[in-house]
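Enquirer: Mind having a look at this structure? Questions to follow.
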Amino acid sequence: SGLLLPEGARDKMNVGRIVAVGPEAEHVAAGDRVIYRNYSGSEIEWMGVEYLLIKEEDLQAKVLA
15 SGLLLPEGAR DKMNVGRIVA VGPEAEHVAA GDRVIYRNYS GSEIEWMGVE YLLIKEEDLQ
75 AKVLA
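Residue numbers for the sequence shown, in the working numbering: 15 to 79.
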């Protein structure tokens with residue numbers, strides 16, 4: 015299984031790698047690559063590294079390849 019994307023859609027995707035999850039996360043784990051909605055989450059900086067905090071409901075897909 016996978017995603018079929020129209021020409022140019024890859025430039026518009028928000029893709030990231032999960033570095034940590036909370037105890038209630040059901041469908042994702044640290045290390046997963048995911049596609050998430052535009053304008054979702056809150057940007058934070060911790061120890062000089064920028065992160066995006068995103069609710070699991072704002073994730074659109076898990077990238078399997």
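Don't be surprised by glycine CBs; every beta carbon is placed ideally from N, CA and C.
Determine the direct distance from the alpha carbon of A79 to that of I49, and round the result to whole angstroms.
Expert: If you take the alpha carbons of I49 and A79, they lie about 13 Å apart.
Enquirer: Compute the Euclidean distance between the alpha carbons of G45 and V29, then round it to the nearest angstrom.
Expert: Those two C-alpha atoms are separated by around 13 Å.
Enquirer: If you scan the region 36 to 61 from start to end, which runs of the beta strand (DSSP E) of 3 or more residues do you find wholly inside it?
Expert: Listed in chain order, they are 47 to 50, 56 to 60.
Enquirer: For the putative contact between E70 and V42, defined by C-beta atoms under 8 Å, what is the C-beta separation to the nearest angstrom?
Expert: Between V42 and E70 the Cβ distance is about 6 Å, and since that is below 8 Å, they are a contact.
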